[in-house]
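Trainee: Take a look at the following structure, please.
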Amino acid sequence: MSLIDTVSLPRSFRLPRVDGLIQWIVPLAIIAIWQVASVTGFVPTRVLPAPSDVVLAGWKLLLSGELVRNIWVSFWRASIGFLIGGSIGFAFGLANGLSQLSAKLTDTTLQMVRNVPHLALIPLVILWFGIDESAKLFLVALGVFFPIYLNTLHGIRTVDPQLIEMGRIYGMTDSELFRRVIFPGALPSIFVGIRFALGIMWLTLIVAETIAASSGLGYMAMQAREFMLIDVVVLSILIYALLGKLADSASRVLERLTLSWHPAFQKR
Amino acid sequence: MQTALRTSLPETELASRANFAPQARMLREERPLQTSGLPLSIRGLRKSFGDNEVLRGIDLYIPAGQFVAIVGKSGCGKSTLLRLIAGLEKIDAGSISFGDAVQPEDIRVMFQEPRLLPWARVLSNVEVGLGRDRASADAHARAEKALTEVGLTDKRDQWPSVLSGGQKQRVALARALVSRPRVLAFDEPLGALDALTRISMQRLLERVWRDQGFTAILVTHDVSEAVALADRVLVIDEGRIAHDVTVNAARPRQRGSAELASLEGSILSHLLSADDRT
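Top line first, the protein sequences correspond to chains U and D.
Start counting the first sequence at 1; every next residue gets the next number (the numbering used here).
Start counting the second sequence at 1001; every next residue gets the next number (the numbering used here).
Written as structure tokens, this is what we have:
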């Protein structure tokens, strides 16, 4: 099917199942080509193991329970760090979006801190926390904080002032105004922040686990490198890709559920 | 837009022919007894923004239930006057009184933009208009009734984004009407609509005003709209009321009739002469 066909075809004629599968064609094709390249010896297995070897390595780790344990540890760190950093960012975004005083007080400071790459803090964080859990959580939370803070603030600041005036005219109290006008108005922007933050969350976690950890996916990959287990290294990288995709999908579903009013999310 | 016209034009036409002609004459004589509207008296009203004095002493009495149109060139202060009446701006000097204890729900404004909440369905957008009665048990029923009045019952569960411009404005009208206001201020409510939708909206405005008897204040730059709808047209120039014109034409008014046309012409000449001076 050519591109023009897919574009011009009315939505109702397309099968939703097929629609959902289309996005997987390219990743699957890449894996197929990769497998062929490895089997024929075009790519030496010392450089890149065949997908089948990676799957096999994954199966072994799964049986030993190591894989599940490491994924769980990384997932746990990612979510807790995200929750902590996200809530603080959201709280500051709300406060600075709603109150001029709060914005004057904290915004400049936060903008200064934002310009320090948070991964540059790793040496300091290791000195503070060692290679403890709190070190990873701190880094993830810090990385997640800024996109959520900035987008929440931006969302609240850009709520249509005419709608706010309308709400006041119709006698909305402050809490009603927030619930019915300001928060829903800021929500699309907050979601942009969440999706940025999810990307940063994985990035931070990988780096932190690679440098200083005794468990988790990043640790698993570094450990495998020590023993030249290249299939496990590739496996870890692929799992990161999958987890990243999963997190993004989750936020998309949430977005679709809460923004069903938005023209961009309406079924035509 | 198309459907809006088809559904509302014949309906208003029929209703106005069947019921309003005799009723109108009755209303004209007995309006103060029948109306739910509030009278409005304004004394020495002044308002400036910085160094710019926008209103320079407005004295005005509007009897209860009257339909007043305010015209003037842009920047003459007509919208400011309306915003002061609606309580959206602070008064610098003078007073505005409604001759009664007013509840916030008694005075409603309709703007040029519909200002609907995009994330609320049509019906709940109308419910916003109930003000403090939003949480009451009959909120739904009242909102539905208001939607029926503007002929949009079938759109109650739609998102505002799928409505046409005229339909959005009708939802905004339903929201303004749902609390049964006693003064309804219109700030160029039809300014952004196309010519045909405009005419059908004008008829709708006239019909709900006759049905509910609120005091209507319409700010517009369209003089023909003003003479078609209003009992009285005020021409504002440089922050003062320059002319106060009574429109005696019987309702329902024939658009483009000689009587209205000559009135429109004389009001336009007032406006243009003001323009020549500057």
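Quick reminder that beta carbons are idealized off the backbone N, C-alpha and C, glycines included.
D:V1235 bridges to which residues according to DSSP?
Mentor: D:V1235 is bridged to D:V1071, D:H1243.
Trainee: If we ignore side chains and look at the alpha-carbon of each, how far apart do U:E209 and U:I84 end up?
Mentor: Each residue's alpha carbon lies about 18 angstroms from the other.
Trainee: Answer with yes or no whether the minimum CB distance from U:P263 to chain D is below 7 angstroms.
Mentor: True, the Cβ-Cβ gap to chain D drops below 7 angstroms.
Trainee: Could you check whether D:V1219 and D:V1233 sit closer than 7 angstroms to each other, using their CB atoms as the reference points?
Mentor: Cβ distance not < 7 angstroms, so D:V1233 and D:V1219 don't count as in contact.
Trainee: Per DSSP, what kind of secondary structure is D:E1113 in: helix, strand or coil?
Mentor: DSSP places D:E1113 in coil when its eight states are reduced to three.
Trainee: Looking at the unbroken beta strand (DSSP E) that takes in U:K60, where does it start and where does it end?
Mentor: No beta strand (DSSP E) holds U:K60; the alpha helix (DSSP H) holding it covers 51-64.
Trainee: What's the C-alpha gap between D:A1064 and D:V1227?
Mentor: Rounded to whole angstroms, D:A1064 to D:V1227 spans 19 angstroms at the Cα level.
Trainee: Rounded to a whole number of angstroms, what is the C-alpha to C-alpha distance between D:R1255 and D:T1080?
Mentor: Taking the straight line joining both Cα atoms gives about 29 angstroms.
Trainee: If D:V1126 sits next to D:V1171, beta carbons under 8 angstroms apart, how far is it from one beta carbon to the other, in whole angstroms?
Mentor: D:V1126 to D:V1171, Cβ: 7 angstroms. Contact.
Trainee: Using a Cβ-Cβ cutoff of 9 angstroms, what residues of the segment 123-157 of chain U are near chain D? List them in chain order.
Mentor: If the cut-off is 9 angstroms between Cβ atoms, the segment 123-157 of chain U has nothing near chain D.
Trainee: Within this structure, are the beta carbons of U:G93 and U:T152 separated by less than 7 angstroms?
Mentor: Their beta carbons are under 7 angstroms apart, which means U:G93 touches U:T152 by this criterion.
Trainee: Buried or exposed for D:Y1061, please, with buried defined as at least 16 other CB atoms from any protein chain shown within 10 angstroms of its CB.
Mentor: With fewer than 16 Cβ atoms within 10 Å of its Cβ, D:Y1061 is classed as exposed.
Trainee: Are the segment 122-138 of chain U and the segment 152-171 of chain U in contact at 8 angstroms, needing three or more beta carbon pairs?
Mentor: Segments in contact, no.
Trainee: Could you run through the segment 1114-1127 of chain D and flag, in chain order, every residue whose CB is less than 7 angstroms away from some CB of chain U?
Mentor: Here the close residues are R1115, L1117, P1118, W1119.
Trainee: Beta-carbon separation of D:R1182 and D:S1074 under 7 angstroms?
Mentor: Result no, Cβ atoms of D:R1182 and D:S1074 do not sit closer than 7 angstroms.
Trainee: Along chain U, which residues have their Cβ under 8 angstroms away from the Cβ of D:R1132?
Mentor: Going along chain U in sequence order, the residues near D:R1132 (Cβ under 8 angstroms) are G171.
Trainee: In whole angstroms, give me the CA-to-CA distance for D:E1113 and D:T1197.
Mentor: D:E1113 and D:T1197: Cα-Cα distance of roughly 15 angstroms.
Trainee: Would the segment 54-61 of chain U count as touching the segment 233-240 of chain U if we require 3 or more Cβ pairs under 8 angstroms?
Mentor: Flag = yes, the segment 54-61 of chain U and the segment 233-240 of chain U touch.
Trainee: In the DSSP output, which residue or residues are listed as bridge partners for D:L1055?
Mentor: Answer is D:K1047, bridged to D:L1055.
Trainee: How close, in whole Å, do the beta carbons of U:M201 and U:G81 come, if the pair is a contact with beta carbons under 8 angstroms?
Mentor: So it is a contact: roughly 7 angstroms between Cβ atoms.
Trainee: Evaluate the contact criterion for the segment 1259-1272 of chain D versus the segment 1093-1102 of chain D: three or more CB pairs, one atom per stretch, below 8 angstroms.
Mentor: The segment 1259-1272 of chain D vs the segment 1093-1102 of chain D: no contact.
Trainee: Using only CA atoms, which one of D:A1143, D:R1046, D:G1166 lies nearest to D:R1156?
Mentor: That would be D:A1143, whose Cα lies nearest to the Cα of D:R1156.
Trainee: Which residues, in order along the segment 182-213 of chain U, keep a beta-carbon less than 9 angstroms from a beta-carbon of chain D?
Mentor: Correct list: P184, G185, L187.
Trainee: Work out the CA separation of D:M1201 and D:L1088 for me, nearest whole Å.
Mentor: Straight-line Cα distance between these residues: approximately 25 angstroms.
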